[in-house]
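Engineer: Structure below; questions to follow.
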């Protein structure tokens, strides 16, 4: 090792410390950049030269230092955990939001709620039974009955509208998934090209991780990193992104609420997400917002386990049918003030579902019958029986009360589960940020250390320069 080699040693340190200082500066510059992962310059000592020569020794000092790479200080296990928690939280949030919107549409308890309107309708029947000869009492029965039918139709329409909006949202999100997956594939290609040429693509890797996290939120995606640095994104065990190639998804199944609800002859159709290249194969989503929306859009299931919107519509239909059946059972046995048979008060017919088809069947209010046959024109006993349906254990009020309670319990459960999942997601995110985010205090200390090391290397360079100056310019001048 010659005196001149000391210059190379000092120079290598100057270069390495400057590069490390540049990395620290990059960290500080991106301290508030979303998705940025802090970096570190990895250094290794250069060994001593091992070239045999007359004056070579095997115990000489090394030849300096070099930067071997710029590391991303991330944690793949924390990333994996956060993706899993994000997918689960997004799934439960989609369901909780749907239940909250559906529960809000009921308006219970409240003056405009169906329970209040049912009570008012039964009260109108009771008033009519007390004054069967008053036309105004009959008008009130017609008015309040119409209000009940309109309210049930409004509830059904609200569920149908919410279902249609959820389908539109699902379609838009699947399009976003395809765009995001294509972005991951493009970044895979760019990162591979840069790393193969010896460059560093840490910032591109940060962008890719953000896109993968978006996919985890949307479809519960997971990621596997290859040895060459590329990332494969998996959905339901199948590759959504494989290296430089992305595979598209598309929405199939029911395109209208009528198809989702079905009828007595045709079961409801589900909404599914399939692979565009293999339309018969389901994507098998088990997490993410899209999977949550698919569960909301699902058709009715045994024991009310289907999609909440279709199940709610089925309950509205059953309620309309119950009102018609129960009231007609009494009204058809009664007679009017003129002695004519009462017949059906309600009708549920036509191509529409019962909740929309429910209407008053009597031609005019004079056809409303509340008197028992043979009891006289001023009898109102049948009207009392109809009014008593309010307390019938199998009547409309009991049916509606059970519907409200069941939906309230399911909504509360969905909200609680969503909050727990979101709390777990936040915890996972905080742990990830603690490992990957920039600590400006730490970077300040690092910059001072690199600065002092740079100053030390410069001092070594100066010392070697002085030694060489003495050797070259002053040696041999003694005695002159």
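In UniProt numbering, the protein residues as written are 1 to 480.
Virtual Cβ for every residue (Gly too), placed ideally from N, Cα, C.
1) For residue 95, is the classification buried or exposed, using 16 other Cβ atoms within 10 angstroms of its Cβ as the cut-off for buried?
2) In angstroms, rounded to a whole number, what distance separates the CA positions of residue 430 and residue 292?
3) Per DSSP, what kind of secondary structure is residue 241 in: helix, strand or coil?
4) Taking residue 78 as the reference, which of 446, 361, 213 has the closest Cα?
5) What are the complete alpha helix (DSSP H) segments, minimum 4 residues, inside the segment 5 to 84?
6) Spatial neighbours of residue 230 within its chain, please: C-beta separation below 8 Å, excluding the five flanking residues on both sides.
7) Mark residue 13 as exposed unless 16 or more other C-beta atoms lie within 10 angstroms of its C-beta, in which case mark it buried.
8) Select from 45, 83, 15, 300 the residue whose C-alpha is nearest the C-alpha of residue 501.
9) For residue 349, which residues from the same chain have a beta carbon less than 8 Å from its beta carbon, with the 5 sequence-adjacent residues on both sides left out?
10) Would you tell me roughly how many angstroms separate the C-alpha atoms of residue 234 and residue 249, rounded to the nearest one?
11) Can you tell me whether residue 103 is buried or exposed? The criterion is at least 16 other CB atoms within 10 Å of its CB, across all chains shown.
12) Would you say the segment 268 to 276 touches the segment 65 to 72, given that touching needs at least three Cβ pairs under 8 Å?
13) If contact is defined by three or more beta carbon pairs under 8 Å, each pair taking one atom from either stretch, is the segment 38 to 47 in contact with the segment 386 to 400?
14) Who are residue 173's beta bridge partners in DSSP?
15) Enumerate, from N- to C-terminal direction, the unbroken alpha helix (DSSP H) stretches of 4 or more residues contained entirely within the segment 399 to 477.
16) Taking contact to mean at least 3 C-beta pairs separated by less than 8 Å, is the segment 214 to 228 in contact with the segment 197 to 206?
17) With a CB to CB cut of under 8 Å and the five nearest residues on each side skipped, what residues in its chain are close to residue 184?
18) Can you tell me which of the three DSSP states residue 183 falls into?
19) Rounded to a whole number of angstroms, what is the C-alpha to C-alpha distance between residue 35 and residue 316?
20) Hey, how far is the Cα of residue 238 from the Cα of residue 318?
21) Applying the criterion that 16 or more other CB atoms from any shown protein chain within 10 Å of the CB defines a buried residue, is residue 446 buried or exposed?
Structural biologist: Let me spell this out:
1) Start at 1 with the first residue of the chain shown, and residue 95 comes out as number 95. With 16 or more Cβ atoms within 10 Å of its Cβ, residue 95 is classed as buried.
2) If you number the chain shown from 1, residue 430 lands on position 430. If you number the chain shown from 1, residue 292 lands on position 292. Cα to Cα, the separation comes out at about 25 Å.
3) Locating residue 241 in the chain shown gives position 241, counting from the first residue. Residue 241: strand per DSSP, three-state reduction.
4) Position 78 of the chain shown holds residue 78. Taking only the C-alpha atoms, the option nearest residue 78 is 213.
5) 5 to 29
6) One-based indexing of the chain shown puts residue 230 at position 230. Contacts found: 188, 191, 192, 243, 244.
7) Taking the first residue of the chain shown as 1, we reach residue 13 at position 13. The residue in question, residue 13, is buried, as its Cβ has 16 or more Cβ neighbours within 10 Å.
8) One cannot answer for residue 501 here, as it falls past the ends of the chain, which runs 1 to 480.
9) One-based indexing of the chain shown puts residue 349 at position 349. These residues qualify, in order along the chain: 357.
10) Against the chain shown, residue 234 aligns to sequence position 234. Against the chain shown, residue 249 aligns to sequence position 249. Spanning the two alpha carbons is a distance of roughly 13 Å.
11) Here residue 103 refers to the residue found at position 103 when the chain shown is read from its first residue. It is buried - the Cβ of residue 103 has at least 16 other Cβ atoms within 10 Å.
12) no
13) no
14) The residue you call residue 173 lines up with position 173 of the chain shown. The partner list for residue 173 (beta bridge, DSSP) is empty, contrary to what the question assumes.
15) 440 to 469
16) no
17) Position 184 of the chain shown, counted from the first residue, corresponds to residue 184. Counting only Cβ-Cβ distances below 8 Å, and skipping sequence neighbours, we find 208, 211, 212, 215, 231, 233, 241, 246.
18) To locate residue 183, count along the chain shown from 1; it is residue 183. Three-state DSSP puts residue 183 in a helix.
19) In the chain shown, the residue the question calls residue 35 occupies position 35. In the chain shown, the residue the question calls residue 316 occupies position 316. One C-alpha to the other measures close to 47 Å.
20) By one-based count along the chain shown, residue 238 stands at place 238. By one-based count along the chain shown, residue 318 stands at place 318. C-alpha separation (whole angstroms): 41 Å.
21) Stepping through the chain shown from its first residue, residue 446 is reached at position 446. Classification of residue 446: buried, given that the 10 Å Cβ count is 16 or more.
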